[in-house]
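The structure appears below as structure tokens.
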Amino acid sequence: MDILQTDTAHVWAVDLERETFDGHMLAETLSADEWVRADRFLFEKHRAHFVAARGCLRAILAKYMECKPGELAFFYGEHGKPALASPWDKSQLRFNLSHSAGLALIAVSLRCEIGVDIEHLSRKVGHMQDLAKRFFAPGEYKQLCALPREERRRAFFCCWTRKEAYLKAVGTGLVQSLKNFEVSLGCKAKLLWIKEGNIKDWTLLHLDPAEGYVGSVAIAKKDVEVKVLKHLLCDLCLNKGVN
Numbered sequence: 111m112d113i114l115q116t117d118t119a120h121v122w123a124v125d126l127e128r129e130t131f132d133g134h135m136l137a138e139t140l141s142a143d144e145w146v147r148a149d150r151f152l153f154e155k156h157r158a159h160f161v162a163a164r165g166c167l168r169a170i171l172a173k174y175m176e177c178k179p180g181e182l183a184f185f186y187g188e189h190g191k192p193a194l195a196s197p198w199d200k201s202q203l204r205f206n207l208s209h210s211a212g213l214a215l216i217a218v219s220l221r222c223e224i225g226v227d228i229e230h231l232s233r234k235v236g237h238m239q240d241l242a243k244r245f246f247a248p249g250e251y252k253q254l255c256a257l258p259r260e261e262r263r264r265a266f267f268c269c270w271t272r273k274e275a276y277l278k279a280v281g282t283g284l285v286q287s288l289k290n291f292e293v294s295l296g297c298k299a300k301l302l303w304i305k306e307g308n309i310k311d312w313t314l315l316h317l318d319p320a321e322g323y324v325g326s327v328a329i330a331k332k333d334v335e336v337k338v339l340k341h342l343l344c345d346l347c348l349n350k351g352v353n
């Protein structure tokens, strides 16, 4: 596995559905509180995706920590951002997870906060233009309206994932106003301005993890090199030490 350094970040793209595989090996690594969260889902498919994604997160972090996935413990910040709990926090490993329609992105960095988001382009969004006007920064809404109608759906999700990734890296989630900063909507992700801080202190990248998906990763450090690593669910389940 590639060594993680302070000027690099890894984004693991894991297909949660491609293989017909019993993910019980990963499921067994989840904690009691993770199972409580899993049981809140109304639909079995959503529950299965949550369990698989959390199991994958544990399996991947365990690779860096050189431990068993079930040994890891987490704590959650004021706004719900997860982090490694003691004694694992001494590693200064930072991570973030997002999944949509059977594909998970798990972003990992060292000593700098990171956020990731993914969306499937087929996701149903009612009154997209109205949502953009309500939640996007004025400049973003203007960018969206200037595009041909057939390009707006993709641009909307590019904007949304970039804003989500940034907020997840900051650690506030949607508690912070989406209008307090502006991102680009084009193929190249850019942080155009932020209400607090300096845009030069950030790396924001667009991701095309698979056909029909868009994603983004935000890192609280400039000029970070990001490597995307693609795996199947069964790859992680079958690795030695998963139990």
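Going by this note's numbering, the first residue of the sequence shown is number 111, and it counts up by one from there. From the three backbone atoms N, C-alpha and C, an ideal C-beta is built for every residue, glycine too. This one's a predicted model, so the numbers in the text were calculated from it and none came from an experiment.
| How is Val-235 classed by DSSP in three states: helix, strand or coil? | Coil at Val-235, not helix or strand.
| said: On a Cα-Cα basis, can you pick out the residue from Glu-176, Cys-177, Glu-127 that is closest to Ala-158? | reply: Glu-127
| query | Using the beta-carbon count (16 or more within 10 Å), is Ser-196 buried or exposed? | reply | Exposed.
| task | Pull up the DSSP beta-bridge partners for Phe-291, would you. | result | Per the DSSP secondary-structure output, Phe-291 pairs in a beta bridge with Ile-304.
| message | Less than 8 Å between the C-beta atoms of Arg-276 and Gly-225, yes or no? | response | Note that residue 276 corresponds to Tyr in the displayed sequence, not to Arg. Yes, the Cβ-Cβ distance between Tyr-276 and Gly-225 is below 8 Å.
| query | So what does DSSP say about Leu-254, is it helix, strand or coil? | reply | Of the three classes helix, strand and coil, the one that applies to Leu-254 here is helix, per DSSP.
| message | Quick check: His-316 and Ala-330, are their CB atoms within less than 8 Å of each other? | response | no
| query | Grouping DSSP H, G and I as helix and E and B as strand, with all else coil, what is Lys-331? | reply | coil
| field | Limits of the unbroken alpha helix (DSSP H) element including Arg-259 | value | Run containing Arg-259: none; DSSP gives neither H nor E here.
| task | Quick one: using the 10 Å Cβ neighbour count with 16 as the cut-off for buried, is Tyr-186 buried or exposed? | result | Residue environment for Tyr-186: exposed (fewer than 16 other C-beta atoms within 10 angstroms of its C-beta).
| query | Should Thr-116 go down as buried or exposed, given a rule of 16 or more other Cβ atoms within 10 Å for buried? | reply | exposed
| field | As assigned by DSSP and simplified to three states, the class of Gly-351 | value | For Gly-351, the predicted model reports a pLDDT of 46, less than 50, meaning its position is unreliable; a value from the coordinates is still stated below. In this structure, Gly-351 counts as coil in the three-state DSSP scheme.
| Unbroken alpha helix (DSSP H) run spanning Ile-170, endpoints | Counting along the chain, the alpha helix (DSSP H) containing Ile-170 begins and ends at 154 to 175.
| task | Apply the 10 Å Cβ neighbour rule to Phe-160 and answer buried if 16 or more other Cβ atoms are within range, or exposed otherwise. | result | buried
| Of the choices Phe-291, Leu-302, Leu-288, Tyr-174, whose alpha-carbon is the least far from that of Arg-204? | Tyr-174
| request: Since I believe Ala-162 is in contact with Leu-207 (beta carbons under 8 Å), could you give me their beta-carbon distance rounded to a whole number of angstroms? | output: Actually they are not in contact, since the Cβ atoms of Leu-207 and Ala-162 sit about 11 Å apart, beyond 8 Å.
| query | Since Glu-75 contacts Gly-281 with CB under 8 Å, what's their CB separation in whole angstroms? | reply | Any answer about residue 75 is impossible in this case: the structure gives the chain only from 111 up to 353.
| task | Count the CB pairs spanning the segment 251 to 259 and the segment 227 to 235 that are closer than 8 Å, and state whether there are at least three. | result | The segment 251 to 259 vs the segment 227 to 235: no contact.
| Reduced DSSP category for Ile-113 - H, G, I as helix; E, B as strand; rest coil | Three-state result, Ile-113: coil.
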